[in-house]
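One structure below.
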DNA sequence: GCCTCTCAGCTGTAT
DNA sequence: ACAGCTGAGAGGCCC
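Numbering (UniProt numbering), first residue to last: 1 to 722.
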């Protein structure tokens, strides 16, 4: 393969991921050694939020008040259940009836979130004096004028949707953690009981051990309802701001969390008769959303016509067959009423993922089903017929409303179906494995942009961090004394360092529950073995990744597998060097400052992860020698040598986040830098993280502030990389 | 009008 | 294979 000099026009985001340095000659003594940081700067986002608030205006205040009263009611209703649901109380530790502004200490470390002014964007659009349900126009599709006026708010709304789902995922993982703890305890108790039983050979009392997990997804939803974290808690007709046709959800729970379809079990979501008391425009019940489950893969693509079977008459506990006649009531009646009153219905299609295995043979993901919003449909007609079992079933014919964006195959189908299954199927393959066999799974490179296509060159692949000669790397710390795998978070020393909690859940091969200041993993001197969950980030690449060429951003990375939120993607490797030694390096875009300490302390414009101070000050005393309150002393240079992480691009609204991890030693200055999934990431979506440059922080050779345009394309893009 | 009770509805996950 | 939990709607109760 012949290396090719890049055309500078290819690099509007300068020299990111290029293997050949661009414009070197123009830079004499450039101060612009651009360094990535683990915490992002929020200025631009905050500004956008403020503008949004201003736009909402004072009118909304009154409406919010009204809404607030309703929230209090809902919270009261839910308070009992919440107590029953377990110990984890979620963020804000909400007291009944008090609406809590939430801080989204999740994922990318973004602040704000859903809670603050929950449903705010929507409410300004939705609220009419007589509480008429939200509807953009008679067809349910906004006219162009409205569309323009709403587009800016929709951007914010899309972000709110994303944040809400992150909150849901966080609650979900907390409850998985709680359940794993409970099951672990139950297992240990039952084993102990067995032992004593056999030793005594006496009849022990019946010990009921509930092994199965108790639906952490449902608990997460309960939690969100209690905390008023549901983005759109009131049912609405028509589209919801921030969710356009083609939007993918990864569980029924996500849709409930957003308020897109308000039940995790029912197929038909409808507004009941009680809505008629406050709004006499319609005859209720009327349907607002339906889920077509599992029958989609045999359907014709872009099918605009749907025949939907009504609900009822099923044998719920047994074989799920029809055992009774369906009646024209509840959801069925709601759909019928939609015909007569010309009310559009949101149609969501559920698809099964074809397989859950990655090429390494391990079970790779948690998503077995995804749900795609297919747009607004109108119910054309309905009829009753005798079903296969001989009982009456109601059928509803729905037709997609015209004027909505057409679904492409990629949007409609789960993209996994399009993923290559072998190297022979890969289009534009330029390198079968850039790792040279160093990773568990080969990482191919593809190039459909350049002519002739070239492979990434100019670096040596290394799957672990190499230490520069002049750096004294800390010695390995003493570890925990656990045997086998660490289970008891009250005795495992590594868990104690994490605040008496394991930071990971075992589900899907290990997932980080939430972003932390720093994660203490088990290391070489620990008593546990390599299967211990507290070594999650040390297990190498888990997903089938691909390096691919883009037109504007150089190289980029995507996964062929679904990556669940909280799963580790890769470590950032390279040469661990002193930051001051890097000042003389020209145009190196691969330097990552290890700024764990600065993030914990919120120094240098970095956003703190733990607002509530979950990182105890005594620990900070223990792991910090107070010698470096200014700039990070050490960095990782992935320029000459590095791994897959060096190809991952920046994005202002990324799907990965940076997590500092300590495993072999406990020196924060030398923390490992690991990238985790902030969201559920579908196959073939580009992987990105926030480089975290502070605006105006990079100076050019002339001493002036250097500005570089960002081309990430995110709706909330800050327009500048730095 | 408010409160309480009943029951339809089918997914997610472990085995 | 099986646990899971909301919310519509009906009925009862009180003012």
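Each residue gets a CB set at the ideal place from its N, CA and C atoms; glycine is no exception.
- For residue 492, same chain residues with a beta-carbon under 7 Å away, outside a window of 5 residues either side, are 480, 482, 486 in chain order.
- Each of 346, 258, 512, 270 was checked against the Cα of residue 238, and the nearest Cα belongs to 346.
- By the C-beta density criterion, residue 383 is exposed, having fewer than 16 other C-beta atoms within 10 angstroms.
- Counting along the chain, no beta strand (DSSP E) covers residue 587, and no H or E run does either.
- Per DSSP, the beta-bridge partners of residue 396 are 308, 382.
- Here the segment 262–270 lies against the segment 327–345, with 3 or more beta-carbon pairs under 8 Å apart.
- Within its own chain, the residues whose Cβ lies closer than 7 Å to the Cβ of residue 677, once the five positions on either side in sequence are excluded, are 563, 564, 565, 566, 567, 569, 655, 656, listed in chain order.
- Close CB contacts of residue 380 within its chain, under the 6 Å cut and outside five residues either way in sequence, are with 397, 399 (chain order).
- Shown here, residue 715 sits in coil according to DSSP, grouped into three states, outside any helix or strand.
- Between residue 500 and residue 696, the alpha-carbon positions lie close to 40 Å from each other.
- Residue environment for residue 159: buried (at least 16 other C-beta atoms within 10 angstroms of its C-beta).
- For residue 716, the closest C-alpha among the options 452, 370, 154 is that of 154.
- Exposed is the label assigned to residue 324, since fewer than 16 other Cβ atoms lie within 10 Å of its Cβ.
- By the Cβ test, the segment 578–598 is not in contact with the segment 699–719, since fewer than three Cβ pairs between them sit closer than 8 Å.
- Judged by DSSP secondary structure, residue 472 falls outside any alpha helix (DSSP H); it is assigned neither H nor E.
- Per DSSP, the unbroken beta strand (DSSP E) holding residue 431 starts and ends at 429–431.
- In the three-state reduction of the DSSP assignment, residue 280 falls in the coil class, being assigned neither a helical nor a strand state.
- Judged by DSSP secondary structure, residue 569 falls within the beta strand (DSSP E) whose first and last residues are 568–571.
- If you draw a 10 Å sphere on the C-beta of residue 583, you find fewer than 16 other C-beta atoms in it, and that means exposed.
- Residue 222: not part of any beta strand (DSSP E); member of the alpha helix (DSSP H) spanning 216–226, first to last residue.
- Judged by DSSP in its simplified three-state form, residue 528 adopts strand.
- Residue state for residue 657 is assigned as strand, using DSSP reduced to three classes.
- Given a length threshold of 3 residues, each whole run of the beta strand (DSSP E) inside the segment 654–698 is given here in chain order: 656–662, 672–677.
- Cβ-Cβ distances below 8 Å link residue 525 to 476, 477, 478, 479 in the same chain, with the five nearest sequence neighbours on each side left out; the list follows chain order.
- Per DSSP, the beta-bridge partners of residue 349 are 292, 372.
- Residue 474 counts as exposed, since fewer than 16 other beta carbons sit within 10 angstroms of its beta carbon.
- For residue 558, the enclosing beta strand (DSSP E) starts and ends at 555–559.
- In this structure, DSSP gives residue 576 an extended state, which the three-state scheme calls strand.
- The beta-carbon separation of residue 404 and residue 376, rounded to 7 Å, stays under the 8 Å limit for a contact.
- Looking at the backbone, the Cα of residue 556 and that of residue 255 are separated by about 30 Å.
- For residue 493, the enclosing alpha helix (DSSP H) has its first and last residue at 493–497.
- Checking the DSSP bridge columns, you'll see residue 344 partnered with 378.
- Residue pairing from DSSP places residue 240 in a beta bridge opposite 243.
- Residue 548 sits in a strand when the DSSP states are folded into three classes.
- In the structure shown, residue 268 adopts extended strand secondary structure according to DSSP, grouped into three states.
- In the three-state scheme derived from DSSP, where H, G and I count as helix and E and B as strand, residue 598 is classed as helix.
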